[in-house]
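Protein chains: 2
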Amino acid sequence: MVTIYDIAAKAGVSAMTVSRVINNTGKISDKTRAKVRRVMDELNYVPNHMARSLVLQQSNVLFLLITDITNPFYTTLARGAEDAAKKHGFRLLFGNSDESVDKEKDYIDTILATRADGVLVAPAGDLSLPHLETLRKHQVPFVLLDREVPGMDSDVVLGDSKENARKLVEHLTSHGHRRIALINGSPQISSARLRLEGYREALKLNDVLFDEKYVLETAFEPRSDLSEIERWFDRMDSLPTAIVAGNNVLAVEVIRTLHARGIQVPEEMSLVCFDDLGPFSEIDPFLTVIAQQAYQFGYLGTQMLIDRIQERGSADQPWKKVVLPADMIIRRSVATLDEK
Amino acid sequence: MVTIYDIAAKAGVSAMTVSRVINNTGKISDKTRAKVRRVMDELNYVPNHMARSLVLQQSNVLFLLITDITNPFYTTLARGAEDAAKKHGFRLLFGNSDESVDKEKDYIDTILATRADGVLVAPAGDLSLPHLETLRKHQVPFVLLDREVPGMDSDVVLGDSKENARKLVEHLTSHGHRRIALINGSPQISSARLRLEGYREALKLNDVLFDEKYVLETAFEPRSDLSEIERWFDRMDSLPTAIVAGNNVLAVEVIRTLHARGIQVPEEMSLVCFDDLGPFSEIDPFLTVIAQQAYQFGYLGTQMLIDRIQERGSADQPWKKVVLPADMIIRRSVATLDEK
DNA sequence: CTGTTAGCGCTTTCAA
DNA sequence: TTGAAAGCGCTAACAG
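Read top to bottom, the protein sequences are chains A and B. Taking UniProt numbering, the leading residue of the first sequence gets 1, the next gets one more, and so forth. Taking UniProt numbering, the leading residue of the second sequence gets 1, the next gets one more, and so forth.
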């Protein structure tokens with residue numbers, strides 16, 4: 001491996017001078033600089049970030065921890081984070097927790113051990129609290145994405161889950177639906193809880209009685225075992241006329257289940273959900289959705305994180321909470337009901 | 001920051017003993033080990049991977065460079081790589097080159113500077129050659145994924161693009177199609193070239209004359225400017241009856257273009273493509289595709305890479321080339337033609 | 001079973 | 001404008 005000492009020897013200068021050339025610090029004569037540059041090229045020198053980070057006590061690395069790398073909401077978010085990080089000269093590394101608190105724990109350990117300068121986290125759920133406390137204890141700045149965690153104050157970028165749930169439900173009631181189900185993620189996740197709240201409020205506002213049997217709380221990621229959605233349908237005596245899915249992945253699961261039972265959307269069942277399906281929704285623009293600005297979640301979150309990192313030492317700013325609005329994209333997965 | 005020296009001092013042992021406890025090396029009395037462990041917990045010690053990598057001259061990090069993080073083929077591949085890396089105790093970091101040779105270059109520099117132990121690359125194209133040569137020069141083991149680069153021998157995991165193109169075309173001819181177009185990625189990419197070859201061979205085998213005007217070579221990622229596909233349609237006097245898309249992203253672009261022109265699939269135009277659309281294809285299982293085993297690309301590639309890393313020093317093995325078979329999933333995007 | 005020494009590649013501080 | 005010394009946190013090699 002070529003080090004600054006190899007360069008120094010061959011260029012007839014000290015290692016310190018090489019370091020100065022690399023980092024453009026201090027005063028160097030043009031001649032020396034040129035010579036050092038030439039030798040660096042000849043020897044194919046590549047700086048060693050680890051050695052550098054070790055002495056500088058900072059890595060210029062940001063870490064993005066998402067919960068589902070196959071979900072276009074998160075990959076689009078990742079693109080936003082990538083662009084923002086690059087713009088500010090940070091490198092961005094990704095991790096994928098698969099909605100698992102345990103895998104998340106492993107990543108937190110890795111993040112700590114690799115001394116990332118900051119972290120963007122879409123927490124797996126409320127049980128992520130200890131992980132966040134660990135980050136806080138080690139003074140690693142972080143920004144929460146898409147979900148909050150009770151008991152932990154921090155910067156956070158959110159959608160307005162409650163409001164959006166209300167919009168979705170009212171879209172359905174305005175088409176004559178009264179028996180509206182909610183197939184939601186785990187109540188251990190703040191966004192799922194708020195979506196349930198919004199759903200209940202919207203029902204009340206529209207004089208529809210809340211019926212517990214129309215709510216299924218499962219996981220935002222499909223479980224591999226026999227589908228809970230399957231079983232939920234099995235025990236349903238009278239089906240709803242419409243379903244709100246807590247996210248895009250659940251919407252797909254619902255559609256599969258409906259297909260398997262020969263139930264047509266929207267003729268026999270209306271369906272709406274949170275989050276669009278990514279580029280592939282274009283194939284058949286079919287599902288009516290709340291389209292959150294995934295890219296902005298990543299971009300803004302990263303900017304907030306970098307602000308926080310660079311603020312180090314200056315007066316502590318209060319925590320920032322950014323709530324990004326979302327549009328409803330109306331397509332054709334909702335039928336209009338005539339019956340009262 | 002807590003270091004092994006802090007632990008050592010508080011536990012009344014030397015730093016070396018702490019190091020041994022952390023790494024489970026050497027012989028340590030149970031009593032000492034217990035005490036060191038206790039102090040580590042009390043002080044919330046987190047090992048510093050950078051310091052460790054610096055002395056060990058290895059990082060236990062693998063880097064996966066893909067060309068499109070929003071393409072489910074690559075995210076599924078990433079899941080496979082993740083699982084394989086984890087199984088062997090390596091950490092996996094991702095980068096996204098966006099099909100850009102320049103961004104790829106940046107990542108290669110980062111990879112070199114952070115001293116990853118090995119790299120999995122889906123190269124942006126033939127122009128990636130210098131990047132691979134850089135890796136080779138610095139003795140960083142790498143495995144190519146999904147695409148080869150002329151002039152560079154290495155381990156590689158591929159699909160059988162030629163054979164699969166043939167299957168796709170013959171599926172169309174067997175349904176009576178004779179005017180079959182190919183909308184393909186850049187000829188700078190090996191898989192695109194082979195797909196074109198397979199297409200031509202299949203036409204010949206079925207006594208269909210090759211017609212240049214039915215081939216469009218564009219990019220595997222949609223360009224932001226006015227769609228080339230748009231313009232290609234514009235200058236077409238007699239439309240084909242079927243289209244083979246070089247990958248899933250292009251298929252989506254084709255569908256959008258067709259929709260905009262009010263052309264129905266499959267009634268007025270049949271369409272098939274390479275690579276499935278990920279979980280979301282389930283919503284409307286519509287497109288007939290060659291479904292490559294994306295997960296296996298990542299899993300096997302990672303295993304090959306780790307083999308290569310661990311072989312260090314032992315006799316050089318010849319380069320391995322793994323070709324993964326793919327199944328055609330027949331859905332309903334192909335119409336049967338009666339006309340001869 | 002445990003400790004001492006030296007050094008991984010780099011930058012900060014101080015001196016020339 | 002340049003250099004020498006020290007140290008970031010850790011572990012290999014050797015000594016006890």
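We put the CB at the ideal spot given by N, CA and C, even for glycine.
Check: Nearest to residue 181/B by CA position, among 188/B, 200/B and 187/B, is which residue?
Finding: 200/B
Notebook entry, point to check: Any residues in the region 90-115 of chain B with a beta carbon nearer than 7 Å to a beta carbon of chain A? Which ones, in chain order?
Noted result: 91, 93, 94, 96, 110, 112, 113, 114 and 115
Check: alpha helix (DSSP H) containing residue 163/A: first to last residue?
Finding: 161-173
Next item on the list: Sort out for me which residues DSSP pairs residue 294/A with in a bridge.
Entry: Paired residue(s): none; residue 294/A is not in a bridge.
Checklist line | Start and end residues, alpha helix (DSSP H) containing residue 83/B | finding: 72-87
Next item on the list: Just the chain B side, please: which residues come within less than 8 Å of residue 10/A by C-beta, in chain order?
Entry: Result: empty, since nearest Cβ-Cβ is about 18 Å, beyond 8 Å.
Check: For residue 144/B, which of helix, strand or coil comes out of DSSP?
Finding: strand
Note to self: In chain order, what are the residue ranges of uninterrupted alpha helix (DSSP H) at least 4 long that sit wholly in the region 189-245 of chain A?
What the structure shows: If we require 4 residues or more, the alpha helix (DSSP H) runs fully inside the region 189-245 of chain A come out as 190-205 and 228-234.
Next item on the list: Return the residues of the UniProt domain "HTH lacI-type" (2-56) of chain A that lie within a Cβ-Cβ distance of less than 7 Å from chain B, sorted by chain order.
Entry: 44, 46, 47, 48, 49, 50, 51, 53 and 54
Next item on the list: Kindly identify the DSSP beta-bridge partner or partners of residue 120/B.
Entry: 64/B and 143/B
Next item on the list: Quick one: list the residues of chain A neighbouring residue 257/B, beta-carbon separation under 8 Å, in chain order.
Entry: Near residue 257/B there are no residues of chain A at all, since even the closest Cβ is about 10 Å away, more than 8 Å.
Item checked: Backbone CA spacing between residue 100/A and residue 245/A [nearest angstrom] -> 21 Å
Notebook entry, point to check: Between residue 369/A and chain B, is there a C-beta pair that is closer than 7 Å?
Noted result: Here chain A covers residues 1 to 340 and nothing more, so residue 369/A does not appear.
Note to self: Which of the three DSSP states is assigned to residue 350/B in this structure?
What the structure shows: There is simply no residue 350/B to check, as chain B begins at 1 and stops at 340 in what is shown.
Check: Got a sec, what are the start and stop residues for the alpha helix (DSSP H) residue 260/A sits in?
Finding: 248-260
Notebook entry, point to check: Using 7 Å as the limit for Cβ to Cβ distance, is residue 170/B near chain A?
Noted result: Not one chain A Cβ lies under 7 Å of residue 170/B.
Next item on the list: List the endpoints of the continuous alpha helix (DSSP H) containing residue 55/A.
Entry: 49-56
Check: Exposed or buried, what is residue 24/A when buried is set at 16 or more other beta-carbons lying within 10 Å of its beta-carbon?
Finding: exposed
Next item on the list: Look at the alpha carbon of residue 74/B and the alpha carbon of residue 32/A, and state the distance between them as a whole number of angstroms.
Entry: 46 Å
Check: Can you name, in chain order, every residue of its own chain whose Cβ lies under 6 Å from the Cβ of residue 340/A, other than the five neighbours on each side?
Finding: Its pLDDT being 47, under 50, residue 340/A is placed unreliably in this model, and the coordinates cannot settle the point.
Notebook entry, point to check: So, does the CB of residue 149/B fall closer than 7 Å to a CB anywhere in chain A?
Noted result: no
Checklist line | Assigned secondary structure, residue 300/A (DSSP; H/G/I helix, E/B strand, else coil) | finding: helix
Notebook entry, point to check: Name the DSSP beta bridge partners of residue 30/A, please?
Noted result: Bridge partners of residue 30/A: none, in fact.
Check: When DSSP builds the beta bridges, which residues end up paired with residue 95/A?
Finding: 65/A
Notebook entry, point to check: Hey, is residue 335/B's beta-carbon within less than 7 Å of any beta-carbon in chain A?
Noted result: It does not; no Cβ of chain A falls within 7 Å.
Check: Under 7 Å, do residue 291/B and residue 243/B count as touching if we go by C-beta distance?
Finding: No, they are not a contact pair.
Notebook entry, point to check: Helix, strand or coil: how does DSSP classify residue 180/A here?
Noted result: Residue 180/A falls in the strand class under three-state DSSP.
Note to self: Along the region 249-281 of chain B, where does the CB come closer than 9 Å to a CB of chain A? Name the residues.
What the structure shows: 249, 251, 252, 253, 255, 256, 259, 277, 278, 279, 280 and 281
Item checked: Straight-line gap, residue 102/A to residue 267/B (C-alpha atoms, nearest Å) -> 49 Å
Note to self: Going by beta-carbon coordinates alone, are residue 287/B and residue 176/B separated by less than 7 Å?
What the structure shows: No. Outside cutoff.
Note to self: Please report the distance separating the alpha-carbon of residue 341/B from that of residue 141/B.
What the structure shows: Because residue 341/B is not part of the residues shown, which for chain B are 1 to 340, the question remains open.
Next item on the list: In the DSSP assignment, find the unbroken beta strand (DSSP E) run with residue 327/A in it and report its ends.
Entry: 327-329
Next item on the list: Taking residue 118/A as the reference, give the member of 64/A, 158/A and 228/A with the closest Cα.
Entry: 64/A
Note to self: Taking 7 Å as the threshold (beta carbon to beta carbon), is residue 284/B in contact with chain A?
What the structure shows: yes
Note to self: Considering only the alpha carbon of each residue, which of 275/A, 281/A, 174/A and 127/A lies closest to residue 297/A?
What the structure shows: 275/A
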